[in-house]
Amino acid sequence: MVYKVWVDRIELPIAVKIIHQKLSNLEMLKEFVHPNLVKLVGYTFQVDRLCLLYEFMHKGNFVDLLRSGAVARLPLVTKVKIVLGIARGIVFLQKIPSQKRWSGVGDPCLDRRKILLDEV
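When you number the sequence shown by UniProt numbering, it's gap-free, plus one each residue, and the end is 120.
Below is the structure:
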């Protein structure tokens with residue numbers, strides 16, 4: 001589950017993903033830095049969960065864009081930029097050794113609902 005929250009000091013929305021499992025090596029999240037991946041801005045531990053704080057993607061996910069019919073109205077250049085961004089992100093994730101992948105982060109099972117857009 002992902003939640004949208006506002007942080008007063010930075011005046012920007014943040015997406016919070018709650019993980020109900022223990023992450024043995026939180027340091028590995030630092031390796032998931034790429035222009036085509038959502039930026040991790042912080043994390044916090046609660047009693048039984050880990051909360052990952054990500055930048056919020058204002059345009060939602062790829063599925064919503066497709067269902068809205070907005071893709072058909074986009075210029076070809078924009079469509080190509082979206083496809084190239086998706087491809088670059090996938091290539092980056094595939095280069096991460098499988099032992100460093102973890103459910104929810106670097107997940108090899110890419111789902112179109114996990115493709116998020118900050119601009120279109």
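Glycine is no exception: its CB is placed at the ideal position from the N, C-alpha and C atoms.
All values derive from a computational prediction rather than experimental measurement.
Asked                                                                                                                               : Found
Does the distance from the C-beta atom of Tyr43 to that of Leu37 stay below 7 Å?                                                    : no
Measuring CA to CA, which of Leu65, Lys17, Pro97 is closest to Ile115?                                                              : Leu65
Use the C-beta contact count for His20: other C-beta atoms within 10 angstroms, 16 or more gives buried, fewer gives exposed.       : exposed
By a C-beta neighbour count over all protein chains shown, 10 Å radius and 16 as the cutoff for buried, is Gly89 buried or exposed? : buried
Please state if the CB of Phe45 and the CB of Ile14 are separated by a distance shorter than 7 Å.                                   : no
Counting along the chain, where does the alpha helix (DSSP H) carrying Gly85 start and finish?                                      : 76-94
Kindly indicate which residue of Phe32, His34, Lys59 has the alpha-carbon position closest to the one of Lys4.                      : Lys59
Which of the three DSSP states is assigned to Leu117 in this structure?                                                             : coil
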